[in-house]
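Asker:
In the working numbering, the protein residues as written are 51 to 178.
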């Protein structure tokens with residue numbers, strides 16, 4: 051009976067250890083993929099973007115939906131802003147930062163200011 055109990059305990063211990071390794075492996079895989087990728091997975095969906103003016107300041111606003119099964123602790127969206135025809139400045143990049151985007155939730159973002167009447171192009175979403 052003691053030998054049977056020891057065998058059962060060792061099998062149960064092995065199964066528990068295997069479950070912990072599996073859970074950590076899945077979590078680690080998701081973390082490594084999102085942290086090592088400069089771009090976010092395709093399950094982060096840009097719902098749209100536009101420019102808005104508020105108090106004489108123009109910014110790019112929009113929404114991103116997390117269709118993934120994981121929470122993203124940090125997320126950023128970036129846009130390339132073309133220089134105005136009347137200026138000699140180069141194209142610039144503006145970003146918006148967010149945090150704790152849960153699965154199924156929508157993040158409404160707002161970038162730093164951009165020149166009034168400027169044109170912009172979506173660049174990328176980064177997340178980890």
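Each residue gets a CB set at the ideal place from its N, CA and C atoms; glycine is no exception.
Assuming the contact rule is C-beta atoms closer than 8 Å, residue 130 and residue 170 should be a hit. Round their C-beta distance to whole Å, please.
Answerer: That pair is a contact at about 7 Å.
Asker: Run the CB neighbour count on residue 159, radius 10 Å, all protein chains shown included, and call it buried at 16 or more, exposed below.
Answerer: Residue 159 is buried by the Cβ-count criterion.
Asker: Just to confirm, is the Cβ distance from residue 151 to residue 175 under 8 Å?
Answerer: Cβ distance not < 8 Å, so residue 151 and residue 175 don't count as in contact.
Asker: So, for residue 143: in the same chain, excluding its five sequence neighbours on each side, which residues have a beta-carbon less than 8 Å away from its beta-carbon?
Answerer: Taken in chain order, the residues that qualify are 128, 129, 130, 131 and 173.
Asker: Going by Cα to Cα distance, which pick from 177, 92, 162 and 100 is closest to residue 113?
Answerer: Here the closest residue by C-alpha is 100.
Asker: State the DSSP-derived secondary structure class of residue 177, mapped to helix, strand or coil.
Answerer: Strand, per DSSP.
Asker: Taking the beta carbon of residue 167 as the centre, do at least 16 other beta carbons fall within 10 Å, making it buried, or is it exposed?
Answerer: The residue in question, residue 167, is exposed, as its Cβ has fewer than 16 Cβ neighbours within 10 Å.
Asker: Going by Cα to Cα distance, which pick from 163, 149 and 165 is closest to residue 115?
Answerer: When each option's Cα is compared against that of residue 115, the closest is 149.
Asker: Can you list, in chain order, the residues of its chain with a C-beta nearer than 7 Å to that of residue 153? Leave out the 5 residues immediately preceding and following it.
Answerer: Cβ neighbours of residue 153 beyond the five flanking positions: 116, 118, 119, 120 and 121.
Asker: So, under 8 Å CB-CB, residue 108 and residue 165 are touching, yes? Tell me the CB distance rounded to an integer number of Å.
Answerer: Indeed they touch by this definition, with Cβ atoms about 7 Å apart.
Asker: In whole angstroms, what is the alpha-carbon distance linking residue 156 and residue 105?
Answerer: Computed Cα separation, rounded: 26 Å.
Asker: Identify the residues that DSSP records as bridge partners of residue 127: which are they?
Answerer: Answer is 146 and 175, bridged to residue 127.
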